[in-house]
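Undergrad:
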Amino acid sequence: MTTPRIDAHTHIFPPDIAKHRNHYLGADLWFRRLYLNRRHKLANGQDLLKSMDDAGIEASVAFGFAWRDAGLCRMHNDYVLDTAASSNGRIIPFCVAPPNDIDFCVQEIERCSSRGALGIGELFPQGQGWNLSDGNLVRLFVDIAKHFRMIMLVHTSELIGHNYPGKDRTTTAPAIWNLIDATEGAIPVILAHWGIGLAIHELIPEINKKTENVFYDSAASHLVYNPKIFRVMSSLAPGKLIFGSDYPLIGQAQALRHAENSNLNPIDLENLLGSTAANIGLISPKT
């Protein structure tokens with residue numbers, strides 16, 4: 517039996533944000549950087565469900581945008597949660613919160629967890645002004661995620677190569693390690709966009725012991741890497757790769773084709789496209 521196809525990295529937006537795009541472009545610097553270009557679509561929940569039908573994807577993890585403003589995070593979380601509740605289990609909700617606002621994070625993550633959110637993300641360290649090199653602040657936030665048993669998904673960017681609007685210059689290996697170390701393996705951590713190649717450090721025995729609950733998603737892979745990345749990452753971190761499209765930046769069908777044409781062996785491909793995500797809890801009982 518084929519495991520249901522799961523896309524673990526999609527974004528959806530309330531219609532009001534799309535309608536009043538200019539207002540929101542002025543409300544958040546990193547939203548402006550990412551969505552000033554009108555070709556970057558602001559998809560809603562119905563758009564995502566149609567895309568899933570067209571691509572043959574059974575379930576998608578959906579999150580909003582990593583706003584700095586707590587009120588915008590709450591508004592966006594409500595939309596994601598409401599959309600998931602009416603999706604017959606096909607949309608798996610995550611919530612976003614500004615990690616520097618610890619008091620708000622406690623309340624908001626508890627609220628979203630009670631409404632069915634399975635995780636926190638996509639968090640955007642540089643965009644939200646979250647200094648991953650500040651071990652104390654990182655631990656305070658991670659402790660909240662651990663308390664509510666939330667999966668964490670964090671945006672990462674390679675530090676070299678071409679520039680692009682979402683490139684985060686702060687997600688260095690030592691900074692990401694602060695985050696991983698703070699979790700103590702208690703909750704899954706998904707490092708988006710292949711996790712800056714951190715998987716190579718899993719070959720170090722003492723690092724490997726602490727990364728059993730660290731995973732890597734393939735979101736927007738072909739915009740940065742050639743197709744060999746799938747096989748390289750599968751060799752470095754077998755059974756720890758998770759398919760993500762970064763919809764609507766990348767079409768789900770397009771991202772799925774890239775994954776299926778990556779020459780992974782059948783077991784690794786099955787793990788990538790659904791089994792690993794399901795094993796860490798990224799699946800609705802209805803899928």
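If you want the working numbering, it's the position in the sequence shown, counting the first as 1, plus 516.
Just so it is clear, CB atoms sit at the ideal spot from N, CA and C, and this is done for glycine as well.
#1: Please confirm whether G561 and I607 have their CB atoms less than 9 Å apart.
#2: Cα separation between R773 and H527?
#3: Does the count of Cβ pairs from the region 518-535 and the region 756-773 closer than 8 Å reach three?
#4: So, does the region 533-547 touch the region 569-585, judging by three or more C-beta pairs under 8 Å?
#5: Here's the rule I'm using: 16 or more other beta-carbon atoms within 10 Å means buried, otherwise exposed. How should N593 be labelled?
#6: Apply the 10 Å Cβ neighbour rule to S751 and answer buried if 16 or more other Cβ atoms are within range, or exposed otherwise.
#7: Here's a check: name, in chain order, each residue in its chain whose Cβ is nearer than 8 Å to the Cβ of L565, leaving out the five neighbours to either side.
#8: Using 10 angstroms around the beta-carbon of H539, count the other beta-carbons present and answer buried if the total reaches 16, otherwise exposed.
#9: Per DSSP, what kind of secondary structure is D650 in: helix, strand or coil?
#10: Return yes when the Cβ of N729 is within less than 9 Å of the Cβ of V705, no when it is not.
#11: Counting only the same chain and skipping the five closest in sequence on each side, list residues whose C-beta sits under 6 Å from that of N787.
#12: Classify L634 as buried or exposed, calling it buried when 16 or more other Cβ atoms lie within 10 Å of its own Cβ.
#13: Using CA atoms only, rank isn't needed, just tell me which of G643, D619, D598 is closest to S630.
#14: Our contact map puts G632 next to A601 with C-beta atoms below 8 Å; I'd like the distance itself, whole angstroms only.
#15: Within 10 angstroms of its Cβ, does E626 collect 16 or more other Cβ (buried), or is it exposed?
#16: Closest Cβ-Cβ distance between F547 and chain D: below 9 Å?
#17: Identify the residues that DSSP records as bridge partners of A578: which are they?
#18: I'd like to know whether the C-beta atoms of T518 and A794 end up nearer to each other than 9 Å.
#19: How would you label L695, buried or exposed, when you count the other beta carbons within 10 angstroms and need 16 or more for buried?
#20: Report yes if the C-beta distance between P681 and N553 is below 9 Å; otherwise report no.
TA: Short version:
#1: Reading the sequence shown from its first residue, position 45 is the one you call residue 561. Reading the sequence shown from its first residue, position 91 is the one you call residue 607. In contact: G561 and I607 (Cβ atoms closer than 9 Å).
#2: As a working mapping, residue 773 is identified with position 257 in the sequence shown. As a working mapping, residue 527 is identified with position 11 in the sequence shown. Between R773 and H527, the C-alpha separation is close to 19 Å.
#3: yes
#4: yes
#5: Your numbering for residue 593 matches position 77 in the sequence shown. N593 should be labelled buried.
#6: Stepping through the sequence shown from its first residue, residue 751 is reached at position 235. S751 should be labelled exposed.
#7: Here residue 565 is taken as the residue at index 49 of the sequence shown, counted from 1. Excluding positions up to five away in sequence, the list reads S603, R606, I607.
#8: Stepping through the sequence shown from its first residue, residue 539 is reached at position 23. The residue is exposed, with fewer than 16 neighbouring Cβ atoms inside 10 Å.
#9: Here residue 650 refers to the residue found at position 134 when the sequence shown is read from its first residue. Here D650 sits in coil by DSSP.
#10: Walking along the sequence shown from the start, residue 705 turns up at place 189. Walking along the sequence shown from the start, residue 729 turns up at place 213. For V705 and N729, yes; Cβs fall inside 9 Å.
#11: By 1-based counting over the sequence shown, the position of residue 787 is 271. Counting only Cβ-Cβ distances below 6 Å, and skipping sequence neighbours, we find G755.
#12: The residue given as residue 634 occupies position 118 in the sequence shown. Answer is buried; the Cβ neighbour count reaches 16.
#13: On the sequence shown, residue 630 is found 114 positions in, with the first residue counted as 1. Checked all of G643, D619, D598; the closest Cα to S630 is D598.
#14: On the sequence shown, position 116 is the one that residue 632 refers to. On the sequence shown, position 85 is the one that residue 601 refers to. Between A601 and G632 the Cβ distance is about 7 Å, and since that is below 8 Å, they are a contact.
#15: By one-based count along the sequence shown, residue 626 stands at place 110. The residue is exposed, with fewer than 16 neighbouring Cβ atoms inside 10 Å.
#16: Within the model displayed, chain D is absent; a lone protein chain is all it includes.
#17: Taking the sequence shown and counting its residues from 1, the one referred to as residue 578 is at position 62. In the DSSP output, where bridge partners are listed per residue, A578 has T526, P609.
#18: For the purposes of this step, residue 518 is taken as residue 2 along the sequence shown, with counting starting at 1. For the purposes of this step, residue 794 is taken as residue 278 along the sequence shown, with counting starting at 1. No, the pair does not count as a contact, with Cβ atoms beyond the cut-off.
#19: In the sequence shown, the residue the question calls residue 695 occupies position 179. With 16 or more Cβ atoms within 10 Å of its Cβ, L695 is classed as buried.
#20: Taking the first residue of the sequence shown as 1, we reach residue 681 at position 165. Taking the first residue of the sequence shown as 1, we reach residue 553 at position 37. Yes. Within cutoff.
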